[in-house]
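Here's the structure we're looking at; comments come further down.
Protein chains in written order, with the working numbering: chain R, 4 to 522; chain F, 37 to 753.
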């Protein structure tokens, strides 16, 4: 009759999953295990379209004992859940959001791997839910957290993540079902029994051992070697930018040559922080150093051909495809447009043609679609021959265009940083927008230039409004960058955001301009 | 056929007296049909009742045919309802099933006619009430359909034993009152795992083995005046009173007296579990359903029996009605009954619970708590109930406070390698590259294709009904100023689209474009066969095709395009949108459902590999150093296997694209990158396993030459 009694009588297990990923098998194993144990059990699921990669849940209740038939519920009661068994980590967050996880009661057993939602994927920038924050939330929202990357473990041991999670459930000791019954359930199901039992034992051990098992995060890629000719210069750089510069210099030498890397270092020099400079100043140098290196190694046809013809690439492809002793055939999906094709040719030769083409095809350029079999001799040669144009790159049409843009960006960063380091930092961060190929690259470059121009206009409009005016320009730079990084819908809001900000600034209302930019 | 194989379940359907069946709610219902001696079973699939039809299909050869039971997957819910016509004149029991409320809407015409003519053999309609969490359709309930046609409605409490009992009672009720009977079951209950103590199956008296032979004619069963007037009169003077008598005599509704005198709860049977758990959460019931609060569990919610209600309400001060959906028929009826009987009782319902939404525990617990504040129980203090409630909500709040930002939604989408995805990639590309044509009204339909309306495509301006996409563009097309596009799956095409869509559009000379997505199955319900699959649910050949049907109703402009061929699809759509041909233009986007395809080829591949045969396995990849992480490919694709990973160069902070191992090699990512001119990062890998000697020799030779050409070797330049 009292609320406490059934806490012992019934154990509730909620299994959130991503549709189509096998949450059903997991819940069936649990039901089977309970039956094998001889305790009363009941499980439900939601069938149908929710399973097509959408979020879905399975729910199981197990009665601990007694001859009497309990009243099973088809849903968990928010705030009174015993076990959350999540086959994907963001679904833990979703269950917390729905009020289903109780810090005083719920044991959370979860795989920390992520299957990104479409909304995390389609942003132009980074929209992935921060993993550390998610883990911290799971820890704080649960009575006990058993979290590990079940998918990575499963791959390593050629088993299924579900089986590992089942083992962890058995090992957690929260369900009134013995481990033998779980093994029986796997055997009765009769599918990949050996592999699943292997996974089960793995999870069992993990849950019994550390409270929160974990697979170490992937190590940061090791630092590349700096060519001898540049070692002294890199070593003389301030500590805070040395790692970035090391990676950058290696990338640039790989891209072109030592002289090109020197050009990078020369461009970076004005932004290097003096000893004891404030953190913002240091961050400015790091941001410029990072984006400049990526920009200077823009992906022209020569670069793409070079990356695609490296022997280690084919080794990587073989390994990823688990080709074993099979034969591998690789087909490249290439479709350079006119700009990319003559971008590699000398500027003087191409410029008049390019000007004409811009007028002729203002939206998009003609393209040359081709599927190249890079594992055949002729296919490979077609790509390899492109790389022989590398010596022409410094005088190419594309080089001239890109370097002019870089200079405009660097000048804007320098000018803004002289006014206010924070403002300079935000303008430097706009370098993140320059990426993509073909139409996307043209669009992103245009957005980058719009952001620079809009910020400079804001600075002009705010010149009588002192520091507050600069704060508006800084906030505008940040806001515009984030809008563009959201994707096309965000891009569409850029013009209106700038117009509203400028109108307020021109009316002398810096505070009013600042408020909407904060969101 | 179907998403799952039911071999084990079919075995259990053959169980005899005393054997214990382990399985889902829907299996218990299926078993109970066989225990009731049905002569025929039909229906139209749809969540949550698809599995009933799947199990029957799998049981057809071994169980149904030997018993002479006729089974069909009907052309639509209307066709399924019309099957019940067999029970109008003949003493045969039959059952049909569909997803409701949409299926009931489609079935209404036939259903009204059956309910008017009445039945002599028991006729049961198993309704999968697709309402609330996990529902895939609009939110309405079937109750009103039962009321308007005077069809008794069973809403039994959730246990397999109860389902089986009420299927059997349903037939008895139907025969007692000469009306078909609705048996309603909720989403989660359909897939609730439990146990059933079985009875023997009953061989039908009339069957394909022992056929009727002679027709029965009676003007009284023809739905024409003046007999329709008599039929209406009979409903209220004979049939519903007979139903009430049966309900009372058989004790279909349950009255738990409890020890509380002044309060009580009336509920739909299907909400019994949730209400009991809610009472338990507030400390007013134990885990086994013992509660001091008097309960009236209405397993039959139409017709209600006034005497039963009055007996429950008498001498109580406050009664709560727990009833999902609006209008609140039960609550209103109780109020009316109480008023007529001059009872001094306050009846509460929607004002304490909610006029909308599924009655899940959070909602019911909140409603119960409010009820006990109005009508306090004598055995537990108000403070104790409030404390129990506060403890639950405090836990929820504590957990929520730990979450730093909202969690991204995860809308359902096309599966990995789905043949429908490239169509919507093409439509989205066309919208961007040729807005004068592609940026037009798109009438979407029901089925997997509906996912086009979700991210990342957001293609489709309206969703109106199954197979109704084209019909829903009927007035938009002439009013739009440019050609509009309608999309329809093959399931929808055969269900409703061919007649109400295509024939009507041709007849009315509609100048628009229809895309029929032909993936070979009615996939959204679980890869059910439809007329153009090639075979029916009993695996008999059909010989029906979509182009044949289109030509038959006068469509002159038909193009069939491999749906994975995005350039051709773009060219065909352009042609359809610009051609001088003024009538209906139909593009058939053809490509087999990938789930079904994988289900077929995976085992075949495994066998071939084991036998040492040469197998070519394609998949796609992204060069991590070529990808710059702008994610344009994802905005035009959305394939689950196309995902994110960190760039190998830490200088690049944004995540880059990555094709994970779930890739089935359909090639859409590469084709999209190609068609939309995105980037050169995508490549296809074909792994030739168990290669022949020649293939191996050639590959060796090529690798040797390439090694010579590769960087690091002496370059010819």
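Yeah, the Cβ is synthetic: ideal placement off N, Cα and C, and Gly gets one too. A quick note: this is a predicted structure, and the numbers were derived from the prediction, not measured.
1) Could you confirm whether any beta carbon from chain R is found closer than 7 Å to the beta carbon of residue 670/F?
2) Taking all protein chains shown into account, do 16 or more other C-beta atoms lie within 10 angstroms of the C-beta of residue 266/F, making it buried, or fewer, making it exposed?
3) Using the beta-carbon count (16 or more within 10 Å), is residue 81/R buried or exposed?
4) Could you tell me whether the Cβ atoms of residue 2/F and residue 550/F are closer together than 7 Å?
5) Can you tell me the Cα-Cα spacing of residue 43/F and residue 419/F, whole angstroms?
6) Say whether the region 637-650 of chain F touches the region 561-573 of chain F, bearing in mind that this needs 3 or more beta-carbon pairs closer than 8 Å, one atom from each stretch.
7) Does residue 832/F come within less than 7 Å of chain R when only Cβ atoms are used?
8) Count the other CB atoms, across all protein chains shown, that sit within 10 Å of the CB of residue 463/R; report buried if there are 16 or more and exposed otherwise.
9) How many angstroms separate the CA atom of residue 254/F from the CA atom of residue 153/F?
10) If the cut-off is 8 Å on Cβ atoms, which residues from the region 260-277 of chain R count as contacting chain F, listed in chain order?
11) Given a threshold of 16 other Cβ atoms within 10 Å of its Cβ, counted over all protein chains shown, does residue 241/F qualify as buried or as exposed?
12) Helix, strand or coil for residue 349/R, going by three-state DSSP, please let me know.
13) Tell me which residue opens and which closes the alpha helix (DSSP H) that residue 405/R is part of.
14) At which residue ranges does the region 344-409 of chain F contain complete beta strand (DSSP E) runs of 3 or more residues, listed in the order of the chain?
15) Report all residues from its chain with a CB closer than 7 Å to the CB of residue 170/F; omit the five preceding and five following residues, and keep chain order.
16) How would you list, in chain order, the residues of chain R whose beta-carbon sits under 7 Å from the beta-carbon of residue 312/F?
17) For residue 57/R, count the other beta carbons within 10 Å of its own beta carbon; 16 or more makes it buried, fewer makes it exposed. Which is it?
18) Are the CB atoms of residue 591/F and residue 620/F within a distance shorter than 7 Å?
19) Residues bridged to residue 1/R by DSSP?
20) Closer than 9 Å between beta carbons: that is the criterion. Which residues of the region 102-113 of chain R meet it against chain F?
21) Closer than 7 Å, CB to CB, is residue 78/R near chain F or not?
22) Taking 7 Å as the cut-off, decide whether the C-beta atoms of residue 151/F and residue 185/F are in contact.
23) Residue 57/R CB to nearest chain F CB: under 7 Å?
24) Just by C-beta distance, which residues in the region 122-155 of chain R are closer than 9 Å to chain F?
25) Using the rule of at least 16 other Cβ atoms within 10 Å of the residue's Cβ for burial, across every protein chain shown, is residue 37/F buried or exposed?
26) Beta carbons nearer than 8 Å to chain F: which residues of the region 463-480 of chain R have them?
27) Indicate whether at least one CB of chain F lies closer than 7 Å to the CB of residue 12/R.
28) With a threshold of 6 Å, establish whether the CB of residue 661/F neighbours any heavy atom of the ligand GDP.
29) Between residue 535/R and the rest of its own chain, which residues show a CB-CB distance below 7 Å, the 5 nearest in sequence each way excluded?
30) Grouping DSSP H, G and I as helix and E and B as strand, with all else coil, what is residue 667/F?
31) Going by beta-carbon coordinates alone, are residue 422/R and residue 473/R separated by less than 7 Å?
32) In three-state DSSP terms, what is residue 134/F?
33) Name the chain F residues whose beta carbon is nearer than 8 Å to that of residue 47/R?
34) Kindly indicate which residue of 114/R, 21/R, 74/R, 20/R has the alpha-carbon position closest to the one of residue 327/F.
35) How many Å lie between residue 153/R and residue 310/F at the Cα?
36) Given a threshold of 16 other Cβ atoms within 10 Å of its Cβ, counted over all protein chains shown, does residue 216/R qualify as buried or as exposed?
On the basis of the coordinates in this document:
1) Yes, because at least one Cβ of chain R sits closer than 7 Å to the Cβ of residue 670/F.
2) Within a 10 Å sphere around the beta-carbon of residue 266/F sit fewer than 16 other beta-carbons, which makes this residue exposed.
3) buried
4) Given that chain F is displayed from residue 37 to residue 753, the structure contains no residue 2/F and the question cannot be resolved.
5) 54 Å
6) no
7) For residue 832/F there is no data in the structure shown, the boundaries of chain F being 37 and 753.
8) exposed
9) Per the coordinates, the alpha-carbon of residue 254/F lies some 10 Å from the alpha-carbon of residue 153/F.
10) So the list is empty, because no residue satisfies the distance condition.
11) Here residue 241/F is exposed. Its C-beta has fewer than 16 other C-beta atoms within 10 Å.
12) strand
13) 400-422
14) Complete beta strand (DSSP E) runs here, min 3: 354-358, 382-384.
15) 223
16) The contacting residues are 74.
17) buried
18) In contact: residue 620/F and residue 591/F (Cβ atoms closer than 7 Å).
19) This structure gives no information on residue 1/R, because the portion of chain R shown stretches from 4 to 522.
20) 102, 103, 104, 105, 106, 107, 108, 109
21) yes
22) yes
23) yes
24) 122, 123, 124, 125, 126, 127, 128, 129, 130, 131, 132, 133, 136, 137, 139, 140, 141, 142, 143, 144, 145
25) Residue placement at residue 37/F cannot be trusted, given a pLDDT of 42 that sits under 50; the coordinates are not used to answer.
26) With the criterion set as a beta carbon lying under 8 Å from some beta carbon of chain F, the region 463-480 of chain R has no members that meet it.
27) yes
28) Within the structure as shown, the ligand GDP is missing, as the structure has no ligands at all.
29) The structure shown does not extend to residue 535/R, since chain R spans only 4 to 522, so no value can be given for it.
30) coil
31) yes
32) strand
33) 224, 225, 227, 228, 229
34) 74/R
35) 34 Å
36) Unreliable placement is indicated for residue 216/R, whose pLDDT of 48 sits below 50; the coordinate value is still reported in the next sentence. With 16 or more Cβ atoms within 10 Å of its Cβ, residue 216/R is classed as buried.
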